[in-house]
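Q:
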Ligand SMILES: Nc1ncnc2c1ncn2[C@@H]1O[C@H](COP(=O)(O)O)[C@@H](O)[C@H]1O
Ligand SMILES: Nc1ncnc2c1ncn2[C@@H]1O[C@H](COP(=O)(O)O)[C@@H](O)[C@H]1O
Ligand SMILES: Nc1ncnc2c1ncn2[C@@H]1O[C@H](COP(=O)(O)O)[C@@H](O)[C@H]1O
Ligand SMILES: Nc1ncnc2c1ncn2[C@@H]1O[C@H](COP(=O)(O)O)[C@@H](O)[C@H]1O
Ligand SMILES: [Mg+2]
Ligand SMILES: [Mg+2]
Ligand SMILES: [Mg+2]
Ligand SMILES: [Mg+2]
Ligand SMILES: [Mg+2]
Ligand SMILES: [Mg+2]
Ligand SMILES: [Mg+2]
Ligand SMILES: [Mg+2]
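Residue numbers (my numbering), protein chains in the order written: chain A, 6 to 220; chain B, 6 to 220; chain C, 6 to 220; chain D, 6 to 220; chain E, 6 to 220; chain F, 6 to 220; chain G, 6 to 220; chain H, 6 to 220.
The following block contains the structure:
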């Protein structure tokens, strides 16, 4: 267990039994605040046998066992996402942030098809310390956000789309080619990874400040 | 020669001699307003032997032999493009429009990295009958334009970019996946094709109106 | 709601419950003529609870809630398609046109394998204002149509085919490379997008003429 | 040396010296009718040192050393091609046929952009025993030919095109997906391979008939 | 109905009802020898209602309605295939040949992993007029066959394999790059197309000979 | 000009004349600290006409006009890179950081082929606030770094490699799939973008602390 | 039956009946030590009818009929793998080694995300004669292993991952580009192939030594 | 310097000056037997300044500085290659083997187009301890070799070919899908890597035997 960072179980491709067993082992070792991602309903139901508190998010397909939140003091993360179908990825990101001790604000449904909704929240965008921008289809949202504000942007392409979308490869490639400078990209649908990166930056900032406050 | 549409010579992969000879043959048949695209400087110089009027655009790599403009009465086409490097494609489009009897207005350098420049021209966008939107990199411009206005949009991806841009495949795929409804896409760097499509629509509209005016 | 354009719900990846709820919300806001695309039978059955008039097309997987057709005065759109398997995409296009106030004529089964059927309708092709050409396999139909007539062509590749068809990428790429000039291409299976683009052009033409008629 | 089939030297990636040396060696072994493909001007000039008769085709980039034509008695091969830029591939095919003892007829510039030119030669198409159809861009020509006639078709995609043409991959994929039944496809720009396949079929037919004639 | 060539129904993506109805229509028009490909068990069972003779091949997923074989007089087609899993494609080819009036000989399980089995049948290979070579995995079989004999080869890649096989794209690409000269390639799993091409060549040969026999 | 961020000229695909002219224009507007990237020797030589101080880095292909460094107070950025051929990308990153007011430490030649060199600098890695990890070939370096330390990692794939490296697509894809959590990836060879992202994070942190210091 | 090498049945895409029948045939011919790979539970259950000893590994999806182990005298093979999800591929490899008469040691869960676990077994790595390194995601494990030790490495990419993992193509490409020298790569998930290659090398070594021992 | 393994300089993308300097540094450290790969003529000429013995192979584009061969006692490596154009890769492999202390035998021009040449050397193939099989085009050679003999095979795809060869990706993919069991594949044109892997196995075998001989 790395200090400050909870254990994470990636459930995709694991049986309900395997997930239950790994969870039990980690709990026995004394862990709490254990994050499970890509957890389907059936596997969640199985976990109820553990008889511990579980914070379950069916939309984001996540759960936190024995949740215990000690949010960090500083830093504001904003999650913005394009369409309704991108919400599960956004929820995975926000739950991961919660487990990692970061507060975040979520603004959904601000994709480029209704771009005025994005301008309406320009102040929110400006005041964030990091923005996680999530979009499928053509993946233009991080570019537009990055063109509007100076805040660092982490871009998450989603597999939302069809045909020439190529299961998310199109928004992924688009985000990597953004003409807004300095956007960091993670894998398709990887809300967890974006949140982890954002939180690691915020944690660094908090450590930095705390060290100075002690002095 | 299809009525109303001038002859076009696509010069890529042809020698200066071949281009000269095809031009001569078309002129002998009585054509004027002959459009040459993808014409480099050397081939242009060779054409001077023809001793006819030539309207040459080195940026767009186009020439019109014996130009003769009879602009159509109705219809307003707008060309918008992203960065400086997209201008040659935009010039190919505007020269093609000229040869096909369409007037157009050009607004360059309104890519998403400086998105405020695009909003500044919203009125122009709204008043166009067709918009040709040209962009490389992540190809987000047509999506943003299409999200702002109701005008039909023809999108041209350019090969501007590097690495994961894949020589323009990335903006091409992005434009095909736009979440702004109803964007028609042409091949990478194909300013000619976008202009041809736009002009054919405008011509249709003019014919329609003219027929009714006669009545 | 953008003026003249009805609300559209893209049902792919949404549950029956979500579709029902979004529909209800839009109806409550006073919308009618609401278009639903990619709607399967189960979700359609669910919508019957709404107890409003529904114009359902199982082939095109579309429905229009509280249909209300005020077809535009001018403009003739023609939909041509290749084989039997392309018909669902063609139906999606024609239903979208209906919802957007455009009349269209449909000519099916004129793919290149039976090319004489296409020549038999040459007059129909010539008299259209816009042609939507839909094909899978090698996607040659828009090229052949574009080579026969001067009408603007919107090309829709379909995912019909197997093996090296790559789920529609092959006809998509082929259409983008058509040697018939000026063909605008939309995403694979995107009958909706083609219809939307065609209707936006026809709407522009109608506005133009109406403005002049008033004078 | 396989009986009836001349030696072939594929010159791409070989130095003028290597080509000269291989030619000399084959001539010393008593070969004549040696075919060289992908031969550039410089390497051809070098071959003049051999002081043998050379039948050189700069357009097709081929040469035949000590040509000696014994055309087969039966079988009619037709080569049709799309645009001007496809002619080099067509010439490689026709020179290969010549070296292999097959007569052929060539009809150029009948691509789908000017499809009426193709219909004008329908009788020619019908009377052929094998048609080699060569095209770049979207590669629709073999499909159209195959839809018009019952003759077996060998399709050759060319690398003519740009952008989403992907150096000929697009017409290659299109030809493999033709909805005209039973088209055999060879590699991009492989005029040699198409001619070789056609000639092997014609040779088979001639052997068959000759055997019966003897009886 | 093209003379000599039976009607063909490609059943993939059609419902049992659609297949039944198309079959009935063709039978009513007086057709016999109707070929159905990609026909699953359920759809076949449905066809029993037609109460006509049906020649069904579950392995090849084909059926021939009202079969009526008038095999052509001349020409010998050989089908060779690699592994057990390639047999369905080979059966599709042989059934198509039967419906098209061609006799063929089949030699299975001669893939390169057991290459001695191929040499054992060298005489058979040599005596064929056309060889259809079918293989998945790395698709080397047509190359090996083409290197052994002078007979024209039609290559069929199959989707047999996994991982970097890319659903048959790997053997397809390999066959197109064969260093054995003059191999014609058809789409992945397209046993029908290979058979159609082979039969059209054999038919040409038969017509040719018959014409001369009459004289 | 965005506050705190200098103007940047991306020189790829621009002529020496264009670069000179844009530089002159920016200088006239009163800018200093202007960063030029992808600047070749010839274009640099041309810039000497400007007669201003130029900080030129031929390895990184960058220049800073009228350099003026006001490094930020807090934050430590570390650049690590794989092999010798990755150094130009690393230099582009470090020069960009300099222009953006960030100090950085560079550790080169710590690729996985000599992995012990990486362990030798573990302390340096641990004490950084952000690590920019640059690698070509299989792109494993960011994964290894991310597995060793808890610091946020920005990964830059380079086009160093050949064959199945696919011009950098292989390390790009590898970095996006890292099993070390939370790595942000930028485009191939995009040292500029990685530096820009890192500096925007560090700037955020500095602003944050400064605001608190004032209180 | 090749001497020393048992018969292998690859069960993917075969029915339980086919697998049973092939097994029966091989047993009747007197084979023992028959290896079945990609065997699912249902097909395994069917095999119980054979009433022979079966060594079944559900994790590796393998079975050995009439197992009979005569392990070779010399040579030590080590299997290392990344994450839990790679274990089935590792088990396929170890079962194949067993059937081929090789002993092996397995070390699981030493992926780069927990790289310290790999260093902990450095002595084991050093003392192996061949290492089979198995990993999905970014596929960095073989590079890291190859950088640490001088032992020959056979790399197996797995299909573990999502999005830009492209079903294992990403680790496959990464392994082919390893900057650790001399890594041999097999197909995605091909534990069998890696084991076969390793065992053929070990067998060679044993033969070599045995021959000398006799003298 | 790893024991027994000489230093290697990969010269691609390095200037003559850089290569000279790295060579000098390594010589100063006391190295001999330094291998340079991908070395062009100009860079070689530059190295003459070093005034040490250089073993240069222009075909393989390799050089060995201060060559010093202590061939290992046991083990026989065979290099087989397809066509003339594959020879440079084969030479790179054989020079690498020489530098690494391995003797090898080379058999060129045994590609599948002239497959009888391969059978003629079956005894040679059988008696080898490892075979390095090198081929471009469709990459069938390793499969054929692997099907003929039981010796372990290392496969090297080359970039020889055009069009659908995709610069060597086609033979690379084919080799990874070989139905001959247990073939290890290296990167396109990577003669060095194949030789390194082969030599590491042979070295292992020698160490093993030597250890036992001492006892
Ligand atoms: N820039 C361009 N991109 C694509 N197609 C073009 C372009 N310029 C001209 N064309 C097409 O090329 C045809 C002429 O080709 P060609 O006969 O080879 O000169 C014209 O009729 C146009 O349809
Ligand atoms: N244009 C071509 N495209 C593909 N293969 C060719 C071509 N010309 C010749 N070949 C083949 O290349 C072989 C000769 O190759 P090489 O021995 O390298 O000269 C001939 O036997 C032909 O099979
Ligand atoms: N090496 C680089 N890679 C990617 N983008 C860059 C690079 N250098 C500069 N840029 C971006 O390119 C923009 C300038 O482009 P331009 O106006 O065409 O000179 C800058 O604002 C940066 O965002
Ligand atoms: N898991 C596997 N992956 C790849 N090839 C395999 C595998 N298992 C067995 N094989 C190969 O498949 C052959 C048997 O194929 P089959 O005759 O179709 O059962 C064996 O000789 C092996 O070469
Ligand atoms: Mg920004
Ligand atoms: Mg719009
Ligand atoms: Mg047209
Ligand atoms: Mg036909
Ligand atoms: Mg042959
Ligand atoms: Mg870490
Ligand atoms: Mg090593
Ligand atoms: Mg073998």
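Yeah, the Cβ is synthetic: ideal placement off N, Cα and C, and Gly gets one too.
Over what stretch of residues does the beta strand (DSSP E) that includes residue 162 of chain F continue unbroken?
A: Residues 158-162.
Q: Specify, as a first and last residue, the run of the alpha helix (DSSP H) that residue 193 of chain A falls within.
A: Element bounds for residue 193 of chain A: n/a, residue is neither H nor E.
Q: Which residue from C/137, C/121, C/150 and C/106 puts its Cα closest to that of residue 116 of chain D?
A: Ranking C/137, C/121, C/150 and C/106 by Cα distance to residue 116 of chain D puts C/150 first.
Q: Across which residues does DSSP place residue 68 of chain D in a beta bridge pair?
A: In DSSP, residue 68 of chain D forms a bridge with D/41 and D/61.
Q: Taking 8 Å as the CB-CB limit, is residue 90 of chain F close to chain J?
A: Note that chain J does not occur in the displayed structure, where the protein chains are A, B, C, D, E, F, G and H.
Q: What's the C-alpha gap between residue 12 of chain D and residue 108 of chain H?
A: Taking the straight line from one Cα to the other gives about 35 Å.
Q: List the DSSP bridge partners of residue 140 of chain B.
A: Answer by DSSP bridge pairing, in chain order: B/162.
Q: Do the region 53-71 of chain H and the region 116-129 of chain H meet, that is, are 3 or more Cβ pairs less than 8 Å apart?
A: Segments in contact, no.
Q: Could you tell me how far apart the beta carbons of residue 67 of chain E and residue 40 of chain E are, in whole angstroms, since I believe they sit closer than 8 Å?
A: Indeed they touch by this definition, with Cβ atoms about 7 Å apart.
Q: Around ligand 7, which residues pass a check of Cβ closer than 6 Å to any of its heavy atoms?
A: This selection yields C/151, C/154, C/155 and C/185.
Q: Kindly indicate which residue of F/175, F/112, F/134 and F/191 has the alpha-carbon position closest to the one of residue 159 of chain A.
A: If we check each option's Cα against that of residue 159 of chain A, F/191 comes out closest.
Q: Which residues, in chain order, does the region 6-37 of chain C contribute to contact with chain A at a C-beta distance below 9 Å?
A: Listed in sequence order: 15, 17, 18, 19, 23 and 27.
Q: Mind checking residue 97 of chain H: buried by the 16 CB within 10 Å criterion, or exposed?
A: Result: buried.
Q: Determine the DSSP secondary structure at residue 186 of chain C, reduced to helix, strand or coil.
A: Reduced to three states, the DSSP call for residue 186 of chain C is coil.
Q: Shorter than 8 Å from the beta carbon of residue 168 of chain E to some beta carbon of chain G?
A: Interface residue, yes.
Q: Quick one: which residues of the region 182-210 of chain E get their C-beta closer than 8 Å to a C-beta of chain C? List them in chain order.
A: Answer set for the region 182-210 of chain E: 192, 193, 194 and 195.
Q: Beta-carbon of residue 157 of chain B versus every beta-carbon of chain C: anything under 8 Å?
A: Output row for residue 157 of chain B: interface = yes.
Q: What do you reckon, are the CB atoms on residue 101 of chain E and residue 201 of chain E nearer than 8 Å?
A: Yes.
Q: Would you say residue 139 of chain F and residue 95 of chain F are within 8 Å of each other, going by their C-beta atoms?
A: Yes. Within cutoff.
Q: With a CB to CB cut of under 6 Å and the five nearest residues on each side skipped, what residues in its chain are close to residue 37 of chain E?
A: Closer than 6 Å at the Cβ level, and outside the excluded window around residue 37 of chain E, lie 71 and 73.
Q: Could you pull out every residue in the same chain whose Cβ sits closer than 8 Å to the Cβ of residue 183 of chain F, ignoring the five residues on either side in sequence?
A: Excluding sequence neighbours, residue 183 of chain F sits near 147, 148, 151 and 160.
Q: Please work out which residues of its chain come closer than 6 Å, Cβ to Cβ, to residue 134 of chain G, disregarding the five sequence neighbours upstream and downstream, and give them in chain order.
A: Here the set comprises 80 and 81.
Q: Short check: CB of residue 175 of chain C to CB of residue 171 of chain D, under 8 Å?
A: Taking 8 Å as the Cβ cut-off, residue 175 of chain C and residue 171 of chain D do not qualify as a contacting pair.
Q: What's the gap between the Cα of residue 127 of chain C and the Cα of residue 153 of chain C?
A: If I take the Cα positions, the gap works out to 8 Å.
Q: Compute the minimum distance between the beta carbon of residue 100 of chain F and the heavy atoms of ligand 3, and state whether it is under 7 Å.
A: No, the Cβ of residue 100 of chain F stays beyond 7 Å of every heavy atom of ligand 3.
Q: Please state the DSSP three-state secondary structure of residue 49 of chain C.
A: Here residue 49 of chain C sits in helix by DSSP.
Q: Starting from residue 120 of chain E and walking both ways along the beta strand (DSSP E), at which residues does that stretch end?
A: Careful: residue 120 of chain E lies outside any beta strand (DSSP E) and carries neither H nor E.
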